[in-house]
């Protein structure tokens, strides 16, 4: 494009030279010189002179005259203008050929650009199709995930309801077990209190028997001492040993009687164990009940001694 602009400038310079070399007609000459100039210049040329009838208009349109008024200008032959026009036509043809070559080159570039655009469009469409496929797969995966989440929520809800039901059942079973343990404990406490009452009654009767036996033994001892002092002869060693052996036999018989009473007390203190719920035993049963039998044993042992 820069070369075309340069050629255009050169053609403009040549046109300016041709215009400047064209004859300038002074206002002092007649119409014959104007007619000769009109015949010499080709028709349709840019330098063709136009007849102006009005001299004032011609003076206004023409440049100012030189210092000398009487100037005689020589006219060129018509062949110079034709050759100039031919040169201009040739330059225009070369410019046209150059522009046509550039146009062909631009068309080639345009075709390449169109091919590149087509390739880009194809790649873009392929990428778009891949993205659409990926979006479809993601939508399917999202649908599957949503369905799985709904199933999981339903399963969790069912599990939570089952857990609540089992918890209520466990609480109800625990309440029933607690009531059963409480009832068993109350029954054992009542039975233990009844047996303690029996034991206390037996111990009272044993205390009465013991006090009576002690009173009788005291009386018998006093009577024996009185008999001993009333007798004229002093007791011998053999008699004393026989008396002591008799006392020992009496004491052994009494101890046997106390052993029978102690066995009866132990059988009365025995309580049946709760095999179904061992934790339902009252703490008083283990403490008081366990201490009642040794207390009765100690009392019976003291009475036997």
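In the UniProt record's numbering, the protein residues as written are 1 to 305. Every residue gets a Cβ at the ideal spot worked out from N, C-alpha and C, and that includes glycine.
With DSSP run on the structure shown, which of helix, strand or coil describes residue 79?
Per DSSP, reduced to three states, the secondary structure at residue 79 is helical.
Cβ neighbours of residue 205 in the same chain (closer than 7 Å, five flanking residues each side left out):
Answer for residue 205: no residue qualifies.
Pairwise C-alpha distance: residue 180 and residue 271
Interpretation of residue 271 is limited by its pLDDT of 49, a score under 50 that renders its predicted location unreliable; the figure taken from the coordinates is listed afterwards. Answer to the nearest angstrom: the Cα atoms are 19 Å apart.
Could you tell me the distance, in whole angstroms, from the CA atom of residue 177 to the CA atom of residue 184?
Here the alpha carbon of residue 177 sits roughly 10 Å from the alpha carbon of residue 184.
When we look at the beta-carbon of residue 199 and count the other beta-carbons within 10 Å, is it buried (16 or more) or exposed?
Burial call: buried.
Roughly how many angstroms lie between the CA atoms of residue 113 and residue 119, to the nearest whole one?
If you draw a straight line from the Cα of residue 113 to the Cα of residue 119, it is about 10 Å long.
Quick one, which of 221, 227, 228 and 230 has its alpha-carbon nearest residue 247's?
221 is the residue among 221, 227, 228 and 230 whose C-alpha sits nearest the C-alpha of residue 247.
Put residue 304 into one of helix, strand or coil per three-state DSSP.
Caution applies to residue 304, whose pLDDT of 44 falls short of 50 and renders its modelled position unreliable; the value that the coordinates give is listed next. Here residue 304 sits in helix by DSSP.
Is residue 51 helix, strand or coil by DSSP?
Caution is warranted here: a pLDDT of 46 is assigned to residue 51, below 50, making its placement in the model unreliable, and the coordinate value is therefore given only provisionally. Residue 51 falls in the coil class under three-state DSSP.
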